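The sequence shown begins at -8 in this note's numbering and counts up by one. All C-beta atoms in this analysis are idealised placements derived from N, C-alpha and C, irrespective of residue type, glycine included. Keep in mind the model is a prediction, meaning the values are calculated, not measured. This report concerns only the one structure given below.
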Amino acid sequence: MSRYWSAVVHGLTPYVPGEQPKLPDLVKLNTNENPYGPSPRVLAAIRAELSDALRLYPDPNAERLKVAIADYHGITPAQIFVGNGSDEVLAHVFMALLKHDKPLLFPDISYSFYPVYCGLYGIEPGVVALSDSFEIRVDDYFRPNGGVIFPNPNAPTGRLLALGEIERLLAHNTDSVVVIDEAYIDFGGQSAIPLIGRYPNLLIVQTLSKSRSLAGLRIGFAAGGAELIEALERVKNSFNSYPLDRLAIAGGVAAYEDNAYFDACCAKVIASRERLVAGLAARGFEVLPSAANFIFARHPRRDGAQLAAELRADSIIVRHFRQPRIEQFLRITIGTDVQCDRLLAALDKILAA
-8 MSRYWSAVVH GLTPYVPGEQ PKLPDLVKLN TNENPYGPSP RVLAAIRAEL
42 SDALRLYPDP NAERLKVAIA DYHGITPAQI FVGNGSDEVL AHVFMALLKH
92 DKPLLFPDIS YSFYPVYCGL YGIEPGVVAL SDSFEIRVDD YFRPNGGVIF
142 PNPNAPTGRL LALGEIERLL AHNTDSVVVI DEAYIDFGGQ SAIPLIGRYP
192 NLLIVQTLSK SRSLAGLRIG FAAGGAELIE ALERVKNSFN SYPLDRLAIA
242 GGVAAYEDNA YFDACCAKVI ASRERLVAGL AARGFEVLPS AANFIFARHP
292 RRDGAQLAAE LRADSIIVRH FRQPRIEQFL RITIGTDVQC DRLLAALDKI
342 LAA
């Protein structure tokens, strides 16, 4: 370790992103990217933005994008905050709204960036165990806290918490912010954004990386009441006034202008997910109910790490977590039907060996 590092850096355990391997004939099912490209309107909007205007700074407030997102969700632009991917938005949320004296509550099996941000910002983590069936139990969060955060659907499990349960949590937990990380909500869930008008402590975070196929542009947003959004804007403008470039703003606006393409892509992913779940179940896998663009599965007689290694040898990459309670599970991104069929064929060979 370097003697020039600060004490904060010495104490950090950084987030490890999904691998981006360079293998021939690769079937990449490990980072929950959409198997279908963005809307053609997005590509056209980005091309139109490629001009001499790139010498100028982008709009620091990304007003066009805020309007597009707000119009889609039936709220006002003042209720929207945008950032460089939902990870940056979450970083600002942790600093602006979740850094308090009491612990921040989140599930023991969840997005692994949450404990990383706790370490970065000096927040006490309050880890809450999922049930034996890997579900979030709202009653377990009815205790003193400096905030609550969890993905819905949860990641990596894929399980969805009903909107009524979220509302029950909000009604009980009125003294701190409840953050719902809806990165995968468009693949089978119902967004909690309509609740923000009734609950001033509710903040929703979403991304355009998954359902709108824009992981390469890095666009995320938060939706909430004006008080919460103002806190995020204050942190953002103390950190980076221009988080979204001209291409990202143009592409994001265009993505929201093509709802037909968006709906069709989500429908294809959902259909492929149900087809893959059936195929895995027929091969003896236990698959958790998923409302995301991935599934969480284990085989009762096969080691998870070994399965992942054998699939990798066949140029198929899935995500394996060396973590208590889930070390036998594989998180498998939903690809095209052709990619899913190749996965199933590879598993047939592995299971028969």
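Three-state secondary structure (DSSP) of valine 107: helix
Rounded to a whole number of angstroms, what is the C-alpha to C-alpha distance between leucine 219 and valine 170? 11 angstroms
What is the C-beta distance between lysine 347 and isoleucine 308, in whole angstroms, given that I count them as a contact (C-beta under 8 angstroms)? Because the chain here runs from -8 to 344, residue 347 falls outside it and cannot be looked at.
With valine 196 and alanine 213 assumed to form a contact (beta carbons below 8 angstroms), what rounded beta-carbon distance in angstroms separates them? 5 angstroms
In the DSSP assignment, the alpha helix (DSSP H) including alanine 214 goes from what residue to what residue? Segment 211 to 215 is the beta strand (DSSP E) holding alanine 214; no alpha helix (DSSP H) there.
Does DSSP put histidine 163 in a helix, a strand or coil? helix
Beta-bridge pairing of glycine 94 - partner residues as DSSP gives them: The sequence as given places proline at residue 94; glycine does not occur at that position. DSSP, once it has assigned bridges, lists no residue as partnering proline 94.
For arginine 46, which three-state DSSP category applies? helix
Between which two residues does the alpha helix (DSSP H) carrying glutamine 297 extend? 295 to 304
Alpha carbon to alpha carbon, what distance is there between leucine 154 and asparagine 21? 28 angstroms
Would DSSP call arginine 225 helix, strand or coil? helix
Let me know the alpha helix (DSSP H) ranges lying completely inside the segment 242 to 325, each 4 residues or longer, listed in chain order. 250 to 273, 295 to 304
Kindly confirm or deny that the segment 240 to 260 and the segment 107 to 125 touch, where touching means at least three C-beta pairs closer than 8 angstroms. no
For lysine 13, collect the residues of the same chain with a Cβ closer than 8 angstroms to its Cβ; drop the 5 residues on either side in sequence, then sort them by chain order. none
Please state the DSSP three-state secondary structure of proline 31. helix
Within the present structure, is the beta-carbon of valine 278 separated from the nearest heavy atom of the ligand NAD by less than 7 angstroms? The model on display carries no ligand, and the ligand NAD is accordingly not part of it.
When you compare only the Cα positions, how much space is there between asparagine 231 and asparagine 75? 10 angstroms
As a quick exercise: from Pro106, Ser42, Leu238, pick the residue whose alpha carbon is nearest that of lysine 90. Pro106
Which residue comes first and which comes last in the beta strand (DSSP E) that contains isoleucine 171? 169 to 172
Pick out whichever of Arg159, Leu205, Ala53, Ser281 has its Cα sitting closest to the Cα of glutamate 224. Ala53
Which of the three DSSP states, helix, strand or coil, is assigned to glycine 76? helix
Here's a check: name, in chain order, each residue in its chain whose Cβ is nearer than 8 angstroms to the Cβ of alanine 347, leaving out the five neighbours to either side. No answer is possible for residue 347: the residues shown for the chain start at -8 and end at 344.
Here's a check: name, in chain order, each residue in its chain whose Cβ is nearer than 7 angstroms to the Cβ of proline 5, leaving out the five neighbours to either side. Val107
Where isoleucine 184 sits in the DSSP three-state scheme: helix
I'd like the span of the alpha helix (DSSP H) that includes lysine 19, first residue to last. Counting along the chain, lysine 19 falls outside any alpha helix (DSSP H), though it belongs to the beta strand (DSSP E) covering 18 to 20.
How big is the Cα-Cα spacing for arginine 313 and aspartate 62? 42 angstroms
Taking the C-alpha atoms as reference points, what is the distance between arginine 264 and asparagine 284? 7 angstroms
Per DSSP, threonine 198 is paired with what? Gly211
What residue range does the beta strand (DSSP E) around valine 129 cover? Careful: valine 129 lies outside any beta strand (DSSP E) and carries neither H nor E.
Proximity to lysine 259 [Cα-Cα], best of Leu279, Gly270, Ser202: Ser202
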